[in-house]
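Read the structure below first, then the notes.
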């Protein structure tokens, strides 16, 4: 039974990933286990009240476990009371399959991106982009990487989804502003976040790698792009420079980690298109969670530093009606 | 002869608007007149070396004048040496026709915007938008207003041009993120800057009105939208609130004059789409000026606080070639 | 028995408002209810250890309840152990009467404000101010509204109290600086925060309304003032503009929500007088709480980002003595 | 003839202070002298066109000079064309008498301040304040010191004028908030800026002293207050501490030079009252200059970073009329 | 048994200082005591599960207690379960001896500092420095003071250790930049933080004094230095000014509490050398704690606002090997 | 005759570099040439009053010219009146030899740096550093590069001088804090700014290259270091990562261009040591200029945003005397 299918008051028997594990003081037995479990359909808190100290030594966060017990409601939200828990060996279950996952079809997204890549007219840029995606190792990592550790598109496939969104926005930007170098903008849109495949790891959880933390995806991504461009014969130096600059400056300011601010029209276009895509994803994700709980306002978002307005059933109904007449 | 047609070393006889007038100390006669003249095709500095004090009393900035003299080169740029200058009466020449003007066709832009307005499905929003544009006084001001005093789209018709660009970007945003309320987003895109018709004046120059300076276009625009919405029968209160919020928050933060930060998905979408459109216009305009002068880097932009990279003939040639093989 | 009268170790039987309700895990029974109760004399934490899950479904935050039990001491502060709890119907008890309330007399404050209003010489401003307070609906809301959700004057009647303080400070400001337009300053002082009657709700707790959160009291207040001014015959446009500007800019900078910074002498005067009144209220309130607990320093104040110095009995005694000789 | 009495087109013969002197390239003779001259009634630009190099060696900025010539108009403002210039010896003319000077009566201001000092009930604070003003050297410097180099109250007597204004505002603050320690607040109001008598020099111009620049008036003033308090027998230590803290923190934040933020109610009260007084002085002074020139908006103020709205004759007339009916 | 000697699973009987005491709700008995105990070798959490309410009244944070019980492991860290606890009278045990303490030898540090003092050639500065350290009261406080409440060098002897480090860095700075006034720099290095002996108290915990909080160590230290300099005959005024400025500006900016930014070469040198010494101490201390727990990354540091990279056994081993060939 | 040897009132005949050239309006002939000329000993303003328009076409900024005329004084500073000017061909004179140049001996600095490099014990780091300096092309650029365009060490040889200073400071840092990895710190100190050899050009002036402006020396330097490390056999990956991080983070924060803040002890050490070295150089250079002009305070420094205190002859004399007794 997957998490999205659990119901309060019902028994369950599921295979889930342990996302967080804490042995805490409290409960009748002195100690209890406080867990967060997840699969591709969601996350749920869980408690083990009996025999917690001993059980705690048998598994760790990142393990896949088979659990059984009863689903309860606590503060209007689902919580599992575990009566049995046992580790499933990595051979039987791939932890990464239990992580949150884009709701979109990865194959469709990949085709969409390939299409964009092929629309690039400049042969050097096209060869750079297509060549990179011919590399099976890269392609595999790119297709499953999350878009971030916990900010936006923080789910398996999120990087690909985000990249397609940014590329689609840039297509329109290039139409509205024909003075832009469309080829450079589209290549940069596709490549801007490839450093995330090295910045993050997502085997059993979304984490930063050491080099991700110490260097960051801008540096790691630009390094790959530079090396690839050096291998494409006759790639103009000025174009390499513009491409490197576009990737390194796409966070917009030093405050957000870009060593240089955007100084070309394509760089400013990518920065804003990327920010637009990321921010709307953050808003929609945060609002969906609140809407599921029937709230008119979301909780305060730690990074956005604000609550978001969801509104309620009455208004929406009223609005729909008025939209029909 | 229009400014774009003047050539160094040639005589001229033109009708131009005085954009700036200063009586300065210097020259052989003790005083000279230092002017900036403009028409719809551009701006040019001009000097009057003889009889400056007396001439200075005959006209003011904002007057249209007939001037004759010789075009010279000074520091690689055109400069006029005026030998004759006389005021043209307002009946003969409308000053606003001498201000810089969008290169796009106003009629085409208006049709494009009307199309977007008609694509709104929600009857209240559609009626609000279309009703406003049926008001001939508003429509006339909206069609000629500049987009800003001197930052982006600072030319007659700039507000309309900017509004169309933002609306077109938002169309794509609504496609990429179907969770957004397209009708609200498109209505807000069309209405977001209408307060500029009251914030600015552009009879003889681009200036702030008193209420523009003291209240600003966000407040002035929201006031109009609110009054219009109150006149549309059955306009849902929640929708009025969302629309007002979207307009008031579209500058993103208090630092840029929004009394509230965006708290709905449509508000964040409009903010970023608007910023993207405005910034690219600033970049392209600033780079065009430098490219005309054959410079590889622009001068430092006072608001962007950076120079922009234009690059040069060699690279572009090289790039095009390499793009062909 | 009111909260201010409760004593540790004594039994009680009181009617109180539930300000906060949480069902938490812990205690012998697995769950307990963690409450904050309040009436006009103060707030007190309370616990229900028995039968918490079931009781939890019978009432919500915002309900008035009759409770009985024993008052205890926990970490040097009073805490109630509830043994009985039952809901009181809204007919029997008006929730808003249990909210914290100014210690000052509302009637006296109202008279004081009316006096200030009548001292305005300019007939348009006087008519605007007095007309607004003749509206019984507005007057009722204005008289009971809190000054803020939780920052300063956060109690029933706080808005009126704050308004009187600011008006009294402005009277002196106008004396010290006779160049100021006293009428404009006094009208603005009276009207500056009237938007809070729409920004906040205080039926069962101090909360933001949707429009309060999305538009804010500056916008809501200026809208009312503008509409009222439009109804006063012959109200000069320039005076409307100055009044709107004074209200919209009274938070001083965009960072604090003003879409424009103060640009007239009256606007800067109101901003600083208002800030002075609000800050002293925050300081005095925060220090009073600490003084009651016998502490020399307050806890760190979340918004002021500092602890405040209260000092202690020794010094005060010493000081008084030394002040007498 | 004093500067306020000069008229365009008329000859003059005046004794003035040289506030600024620059030998510049230009004019028919290759060089000219560009001066700013001042006396207690104002400042005026002046030019010497003949024999500038030689004349330049005969006097310096800070000298008093007798000048004769013709008053002209340049860019709508008065400018002197000097035909004769000769130095006046310091014995004949005290430079400081030519500096700008408060329009108020210094004797009246001093009496007002003495009154406030005597109203202090606490004997230690009263003795400290009155003792300081019994020191004739201090009193003389305090009575003539400017309030700042060029920000607010930048004229002889400005410190005294500012101090009286702040003290008068604090009197009302203490009435509105009776919880405040009135004696401490009034003493601090009187003493808060006494360090300016050591921070600034105003013999021939308003300048910083070395210690003013390197230590600042907060440190210099607190040092004097501390030493004085140490000499008052029995002055309570806690009161010394509160007084020192109030003076050191009165700029409000580290950004404005206070080593500590205000942490007592009296300190926050003084900070805001002082800021209010200083800001209104800045506004009124800046607006007066623009009003004299018939402008609706002031020039941008370098420290306030904004233009101020003065408005014009029409509105004022309209306002007065409407105020009469 | 000292804290560094405790082992999980073993019984203990130790004399320790109570650094923190909280009576909390939970556990089988309804309440338990949650303590932090410390001695010069470290800190450890402890719990009392039985009879907590009654025991809680017998001692306070800051008391020295004799405790016995069993050491356990909780979340990979040591935790004590106390079975007996009794207060030790202050006569028997000096609380300050149980506070964390520098690992360096205080005598060696003092000799090192004396050496630096004697190397000063300027007689006034040397006399000022050496005279201060001849004062036994000052010397005693200086030798044991912590370097800060909880940021860097937060242990007994930390001030002395930090001062020696800064002085040693400044010795090299003066070598590399011989243009600097070595004597002034070395004197300022020795004296820069002496105000901490009055800003902090460390009898039973590291706390701010009232004057430490309200005035700060920059003000307190400069006051002492100034008084001492006034007592040294013939001490040049300009040198006093430079020394005061160096001390007051050594935090670099107003944001960090300096009323003036550094304006001499010696002041900027001291500021940066001091910052360097303090920051490296913070890094090394924070990393040591993580290394002890076998972590590759530290927890996020509250003041540095980042995690630090420790790295792991593998890399170090690899590195050492590779370093050998 | 070199610039340092010119004297007011004397004729000269010199070979100098044109650092700046402007054709300006003014003077008797309508136009004059306003130049800045320089050689390795300094910079001097110069004017050409006759035949300026024609002469202006014969040379450009960056050319070496032979000039003759008379040295004059203008506003207390030297200025040249040119009577003859002719271009010197690049074969005859190397422009870069006329740029400002370190006063130190380049050979001595290089030996010092080589010594530091050889003191590195870790074979991989030593090989990386020494290998780089064996590359004659790199070594030549490194030895002559300026340290910056115009901030600190802005003279030929400035990069080498700055690098030696930072390395010497780091030697002491490693002594004071033996927990640091001395080898990593010393290697990073030597390599931290090598990207400046690609960021800047100094053929005829100090300028940014395109890649310098668009990518910056942090990115360019890390790229070189990374490539070199990849070529050293067996270079541990973790060490590469730490070295890259140290270089990229050495500006301390994103605001100053580092994509990551320092997260290791060596990185924070290098950042502060580098900042210390750069700031003292800025202070000393700016103060020397003012001291040469006999000023007690420097002009406001554009980047430091402050004036610096130089002080005067009296104090220094007094100080020296008092230092002798």
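Residue numbers (our numbering), protein chains in the order written: chain P, 462 to 786; chain A, 462 to 786; chain F, 462 to 786; chain G, 462 to 786; chain C, 462 to 786; chain H, 462 to 786. Note that CB positions come from ideal geometry on N, CA and C, so glycine has one too. Since this is a predicted model, take the numbers as computed values, not measurements.
Positions of the alpha helix (DSSP H) runs, each at least 4 residues long and wholly inside the stretch 518 to 589 of chain C, are given as 567 to 579 in order along the chain.
In the DSSP assignment, the residues bridged to residue 500 (chain P) are P:503.
A residue is called buried when at least 16 other Cβ atoms come within 10 angstroms of its Cβ; residue 583 (chain C) meets this threshold and is buried.
For residue 699 (chain H), the three-state secondary structure derived from DSSP is helix. For residue 594 (chain A), the secondary structure class from DSSP, reduced to helix, strand or coil, is helix.
Here residue 597 (chain F) is exposed. Its C-beta has fewer than 16 other C-beta atoms within 10 Å.
The closest CA to that of residue 745 (chain G), considering only F:637, F:678, F:737, F:550, is found on F:637. By the C-beta density criterion, residue 723 (chain H) is buried, having at least 16 other C-beta atoms within 10 angstroms. Three or more beta-carbon pairs separated by less than 8 Å are not found between the stretch 631 to 648 of chain H and the stretch 682 to 694 of chain P, which leaves the two stretches without contact.
With the criterion set as a beta carbon lying under 8 Å from some beta carbon of chain A, the members of the stretch 654 to 679 of chain H are 671, 674, 675, in sequence order. Bounds of any beta strand (DSSP E) do not take in residue 754 (chain F), whose DSSP letter is neither H nor E. The beta carbon of residue 702 (chain C) falls within 8 Å of a beta carbon belonging to chain G, placing the residue at that interface.
In the structure shown, the three-state DSSP call for residue 627 (chain H) is helix. For residue 478 (chain F), the enclosing beta strand (DSSP E) starts and ends at 472 to 486. In the DSSP assignment, residue 659 (chain C) falls within the unbroken alpha helix (DSSP H) covering 657 to 660. Scanning chain A for C-beta atoms nearer than 9 Å to the C-beta of residue 745 (chain P) yields 638, 640, 641, 726, reported in chain order. Out of C:604, C:760, C:679, the CA that lies nearest to the CA of residue 623 (chain C) is found in C:604. Using a CB distance below 8 Å, no part of the stretch 537 to 566 of chain F faces chain A. Scanning its chain for C-beta atoms nearer than 7 Å, with the 5 sequence neighbours on each side dropped, one finds around residue 539 (chain F) the residues 467, 469, 505, 532, in chain order. Looking at the DSSP output, residue 508 (chain P) shares a beta bridge with P:495, P:542.
Approximately 6 Å separates the beta-carbon atoms of residue 726 (chain F) and residue 641 (chain F); this is inside 8 Å, confirming the contact. Take residue 645 (chain H), set aside five residues on each side of it, and the residues of its chain with a beta-carbon closer than 8 Å to its own are 583, 586, 700, 703, 704, 707, 727, in chain order.
By the Cβ criterion, the stretch 666 to 678 of chain F is not in contact with the stretch 658 to 667 of chain G, since fewer than three pairs of Cβ atoms, one from each stretch, lie closer than 8 Å.
Per the DSSP secondary-structure output, residue 762 (chain A) pairs in a beta bridge with A:767.
Per the coordinates, the alpha-carbon of residue 736 (chain P) lies some 12 Å from the alpha-carbon of residue 653 (chain P).
Residue 770 (chain P) reaches chain F at 671, 674, 675, counting residues in chain order whose Cβ is nearer than 8 Å. For residue 680 (chain F), the enclosing alpha helix (DSSP H) covers residues 678 to 692. At least one C-beta of chain A is nearer than 8 Å to the C-beta of residue 715 (chain F).
Secondary structure at residue 634 (chain H): helix, using DSSP grouped into helix, strand and coil.
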